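Protein sequence lines, in the order shown, are assigned to chains X, V, D, H, Z and L.
Be aware that the first sequence starts at 0, since it is given in numbering that gives the first Met the number 0, and climbs by one per residue.
Be aware that the second sequence starts at 0, since it is given in numbering that gives the first Met the number 0, and climbs by one per residue.
Be aware that the third sequence starts at 0, since it is given in numbering that gives the first Met the number 0, and climbs by one per residue.
Be aware that the fourth sequence starts at 0, since it is given in numbering that gives the first Met the number 0, and climbs by one per residue.
Be aware that the fifth sequence starts at 0, since it is given in numbering that gives the first Met the number 0, and climbs by one per residue.
Be aware that the sixth sequence starts at 0, since it is given in numbering that gives the first Met the number 0, and climbs by one per residue.
Here's the structure we're looking at; comments come further down.
6 protein chains.
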Amino acid sequence: MIYIQRRAIFSAAHRLANPSWSDEKNQAVFGHCANEYSHGHNFQLIVTVKGEVNPDTGFVINLVDLKAIMDSEIIQHVDHRNLNHDVPFMQGIMPSTENLAMVFWQQIEGPIAKHGAALHCIRIVETENNMVEYYGE
Amino acid sequence: MIYIQRRAIFSAAHRLANPSWSDEKNQAVFGHCANEYSHGHNFQLIVTVKGEVNPDTGFVINLVDLKAIMDSEIIQHVDHRNLNHDVPFMQGIMPSTENLAMVFWQQIEGPIAKHGAALHCIRIVETENNMVEYYGE
Amino acid sequence: MIYIQRRAIFSAAHRLANPSWSDEKNQAVFGHCANEYSHGHNFQLIVTVKGEVNPDTGFVINLVDLKAIMDSEIIQHVDHRNLNHDVPFMQGIMPSTENLAMVFWQQIEGPIAKHGAALHCIRIVETENNMVEYYGE
Amino acid sequence: MIYIQRRAIFSAAHRLANPSWSDEKNQAVFGHCANEYSHGHNFQLIVTVKGEVNPDTGFVINLVDLKAIMDSEIIQHVDHRNLNHDVPFMQGIMPSTENLAMVFWQQIEGPIAKHGAALHCIRIVETENNMVEYYGE
Amino acid sequence: MIYIQRRAIFSAAHRLANPSWSDEKNQAVFGHCANEYSHGHNFQLIVTVKGEVNPDTGFVINLVDLKAIMDSEIIQHVDHRNLNHDVPFMQGIMPSTENLAMVFWQQIEGPIAKHGAALHCIRIVETENNMVEYYGE
Amino acid sequence: MIYIQRRAIFSAAHRLANPSWSDEKNQAVFGHCANEYSHGHNFQLIVTVKGEVNPDTGFVINLVDLKAIMDSEIIQHVDHRNLNHDVPFMQGIMPSTENLAMVFWQQIEGPIAKHGAALHCIRIVETENNMVEYYGE
């Protein structure tokens with residue numbers, strides 16, 4: 000069993016605020032992340048896939064295929080977008096980094112399985128200091 | 000003459016679009032940077048100050064003072080903000096990285112001079128691949 | 000279950016030497032890490048916390064709270080300090096990176112549990128080339 | 000149980016091509032990685048070793064020893080080398096990053112065990128965007 | 000006058016050896032860089048362009064255009080290539096990082112000028128520890 | 000004229016305090032940098048050398064030679080040392096990053112000149128956020 004990782008980057012805006020809460024409560028809980036007109040980040044997405052090595056190629060999965068899945072299922076929808084307004088699969092979901100990781104898992108678990116490998120981890124780096132990992136359960 | 004640099008980070012949203020242009024022209028020139036609901040970045044700001052070394056301290060400028068100037072004159076106004084909507088000194092200015100560098104220079108040149116040193120360069124790193132430098136002229 | 004990470008940095012001095020050994024034995028085992036007047040590093044501390052996502056906030060733990068715990072329980076005591084002389088919770092403990100990781104675990108496991116989440120890993124990056132991880136057992 | 004990591008860097012050339020396939024099939028599967036005259040990378044090798052902390056030293060393993068093992072068993076053989084031509088322990092093996100990780104495991108598992116610690120993970124970073132991990136099974 | 004930088008990465012093999020010298024002399028001068036079957040690097044190319052800011056766009060040069068020039072004139076020819084064998088504009092030139100920088104300048108100075116800006120600097124990062132800059136004279 | 004850079008790293012302790020001042024004044028000016036038992040950093044030293052390219056080698060200076068000069072004249076004296084106590088060429092000099100840069104210039108300007116190249120810049124990175132450059136005048 001080998002674990003292979005592919006990184007992609009997307010630049011997106013988001014705002015953290017619970018729509019059922021008052022402005023005061025949102026400011027108290029989310030601080031400047033609740034500012035009305037959004038802020039943004041260069042998010043790093045690191046996808047880990049596990050599987051056995053194909054003896055003909057030396058690959059768990061061809062990175063060309065993994066990159067294509069990540070691009071079509073995630074990056075195209077979030078890069079240079081506002082995560083609160085623009086992303087179909089984020090509708091009604093607070094765009095915290097934790098939630099992003101869980102939603103991204105849903106987006107690519109199936110397509111990766113079709114290539115004979117298994118999604119192992121979604122890692123999102125929001126800033127130099129804040130990161131999240133999700134292992135699917 | 001010694002050059003000393005201090006880095007700060009701010010996470011902000013912005014949108015690049017010329018308000019006197021059509022949506023089509025904005026998309027043609029600015030591409031996905033013109034998307035309506037903004038996107039964002041973790042911007043790095045690196046300020047270079049030059050001067051002679053004070054023999055009592057070994058410092059060109061006390062980094063405590065330089066950090067305080069950068070925080071009060073720039074970072075407080077742009078961190079976790081939308082550069083098109085929230086920043087008083089960016090009103091009416093396209094928030095390209097180039098323009099940010101020139102406006103930031105105006106914000107801190109005077110305060111740094113009061114500490115007996117001279118602002119030399121404003122460097123802004125927008126992404127791993129895009130950076131700008133401005134030397135004041 | 001989601002894993003969230005927060006990074007902090009501290010700049011500290013330390014010296015590796017076993018006080019019950021001769022200078023010769025300390026030099027043989029610890030090399031230049033045993034030099035009498037200490038040396039130092041910019042240590043990176045990365046704390047991983049695990050838990051379920053709160054549906055109201057999208058958070059495992061509010062990073063404001065995690066940062067406050069890391070600051071008050073660890074960073075305040077070690078930043079710009081000498082790990083052999085200045086740190087109450089390091090008294091009598093060799094300040095190797097391994098031992099730092101285990102002591103830091105004791106410092107923050109309880110406070111994090113009070114926020115309904117669980118400490119998962121302490122990671123310390125001593126240099127570009129040397130790192131340690133501790134999972135509490 | 001503590002996990003300690005040591006990083007080393009090697010600059011090597013490699014070519015990915017299955018010698019039993021036609022040029023067309025190699026280009027179709029491996030793309031520009033199959034170019035005849037090779038390309039290359041600055042590979043990062045990160046070795047994780049686990050064990051208990053020696054109370055006399057505060058160490059799982061003396062990093063001087065771990066570095067020596069990594070140098071003599073791996074780095075000397077691959078640094079500034081062509082992975083398809085120059086490396087005795089890679090003969091007949093496709094030099095994919097996955098295969099490198101598995102072969103490197105064989106090279107250092109025994110020597111590390113002689114120091115009373117256990118090899119836990121081989122991590123290889125091929126580019127900013129591509130990485131592999133192997134845990135020995 | 001504003002300076003804008005764009006980074007690109009290419010993975011290439013090269014060998015440093017003077018064909019008019021003996022193997023012994025090449026080993027003495029170039030060390031392991033002269034190994035027969037080449038080695039390789041992930042080179043970073045950072046291009047700095049200077050000019051005035053266009054008031055309609057806030058840009059010195061549209062980074063879409065700068066990226067296209069760098070791709071078509073440089074990256075396409077060197078990425079996943081052997082710099083001694085594969086690159087038309089490197090024929091007969093020792094592929095040292097210094098020479099790469101000077102040849103790359105020739106490749107893109109003209110195309111950048113056509114966009115109303117001026118090439119200012121070619122920077123190449125060969126490894127974490129080795130870098131070169133060329134300013135055109 | 001080409002500019003070539005070589006990076007080296009050293010881990011050192013230092014304390015910033017003016018011996019002719021009271022403890023109170025030192026704390027007021029230097030803050031936690033004046034703590035009695037020192038703190039430390041992983042300093043990065045980046046040396047820039049300029050010169051013309053030797054047509055036989057493609058080099059401004061052989062990096063083997065530049066590395067040897069940096070090691071023997073600087074790194075050996077400061078790595079894993081206390082900059083206030085251990086370094087002959089720092090005696091009586093406040094070990095601020097500014098002063099380090101100027102003293103390091105004196106150490107290597109002559110030896111580099113003997114190789115037919117010229118020292119252009121000493122750059123020292125003290126932390127992710129603090130850096131200094133000195134150009135010799």
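Quick reminder that beta carbons are idealized off the backbone N, C-alpha and C, glycines included.
All values reported here derive from a predicted model rather than from experimental measurement.
Neighbour flag for residue i against chain Z, beta carbons, 9 Å
{"i": "Pro54 (chain V)", "result": "no"}
{"i": "Gly115 (chain H)", "result": "no"}
{"i": "Ala7 (chain L)", "result": "yes"}
{"i": "Asp78 (chain H)", "result": "yes"}
{"i": "Asn98 (chain H)", "result": "no"}
{"i": "Met89 (chain V)", "result": "no"}
Cβ-based neighbour list, residue i, same chain, cut-off 7 Å, excluding 5 preceding and 5 following
{"i": "Arg80 (chain L)", "result": "Ala11, Val86"}
{"i": "Val77 (chain H)", "result": "Phe9, Ala11, Val86"}
Whole-number beta carbon distance between residue j and residue i, since they are thought to touch under 8 Å
{"i": "Gly39 (chain Z)", "j": "Ser37 (chain H)", "result": "7 Å"}
{"i": "Ile143 (chain H)", "j": "Glu97 (chain D)", "result": "Limits of chain H in this structure are 0 at one end and 136 at the other, which puts residue 143 (chain H) out of reach."}
{"i": "His114 (chain L)", "j": "Asp55 (chain L)", "result": "Contact flag wrong, Cβ pair sits at about 14 Å."}
{"i": "Val131 (chain Z)", "j": "Ile1 (chain L)", "result": "6 Å"}
{"i": "Val48 (chain H)", "j": "Ala116 (chain H)", "result": "5 Å"}
Chain H within 9 Å of residue i, Cβ atoms only
{"i": "Thr126 (chain Z)", "result": "yes"}
{"i": "Leu118 (chain X)", "result": "no"}
{"i": "Gly135 (chain X)", "result": "no"}
{"i": "Ser21 (chain D)", "result": "no"}
{"i": "Ile92 (chain D)", "result": "yes"}
Interface flag, residue i vs chain L, CB-CB below 9 Å
{"i": "Glu108 (chain Z)", "result": "no"}
{"i": "Gly39 (chain D)", "result": "yes"}
{"i": "Tyr2 (chain D)", "result": "no"}
{"i": "Val59 (chain V)", "result": "yes"}
{"i": "Phe29 (chain Z)", "result": "yes"}
Residue from the options with nearest C-alpha to residue i
{"i": "Ala16 (chain D)", "options": "D:Ile8, D:Met93, D:Glu51", "result": "D:Met93"}
{"i": "Asn34 (chain X)", "options": "V:Asn53, V:Glu51, V:Ala33, V:Leu82", "result": "V:Leu82"}
{"i": "Arg14 (chain X)", "options": "X:Ser21, X:Arg5, X:Asn25", "result": "X:Asn25"}
{"i": "Leu62 (chain Z)", "options": "V:Ser19, V:Trp20, V:Gly50, V:Ser95", "result": "V:Ser95"}
{"i": "Glu136 (chain V)", "options": "Z:Gly50, Z:Gln75, Z:Gln90", "result": "Z:Gly50"}
{"i": "Ser19 (chain Z)", "options": "Z:Gly91, Z:Thr126, Z:Leu118, Z:Arg5", "result": "Z:Gly91"}
Contact with chain X by residue i, beta-carbon distance below 9 Å
{"i": "Asp85 (chain V)", "result": "yes"}
{"i": "Val63 (chain D)", "result": "yes"}
Same chain only: Cβ atoms within 6 Å of residue i, ignoring 5 sequence neighbours per side
{"i": "Ile73 (chain Z)", "result": "Phe103, Gln106"}
{"i": "Ala100 (chain H)", "result": "Ile121, Ile123, Val131, Tyr133"}
{"i": "Ala7 (chain H)", "result": "Leu44, Met69, Ile74"}
{"i": "Asp22 (chain L)", "result": "none"}
9 Å Cβ cutoff, residue i in contact with chain D
{"i": "Ile73 (chain X)", "result": "no"}
{"i": "Asn34 (chain L)", "result": "yes"}
Min CB distance residue i to chain V below 9 Å
{"i": "Asn17 (chain X)", "result": "no"}
{"i": "Thr47 (chain Z)", "result": "yes"}
{"i": "Ser10 (chain X)", "result": "yes"}
{"i": "Asn81 (chain X)", "result": "yes"}
{"i": "Met146 (chain L)", "result": "In the structure displayed, chain L extends from 0 to 136; residue 146 (chain L) sits before or after that span and is not available."}
Close-in-space but distant-in-sequence residues of the same chain around residue i (CB under 8 Å, 5 per side omitted)
{"i": "Phe88 (chain D)", "result": "His76, Val102, Gln105, Gln106"}
{"i": "Val28 (chain V)", "result": "Asn17, Trp20"}
When you compare the region 99-109 of chain L with the region 111-125 of chain X, are there three or more beta-carbon pairs, one atom per stretch, that lie closer than 8 Å?
Cβ pair count under 8 Å is below three, so no.
Kindly confirm or deny that the region 40-54 of chain X and the region 64-77 of chain X touch, where touching means at least three C-beta pairs closer than 8 Å.
With a cut-off of 8 Å, the region 64-77 of chain X and the region 40-54 of chain X count as touching, because enough Cβ pairs lie within range.
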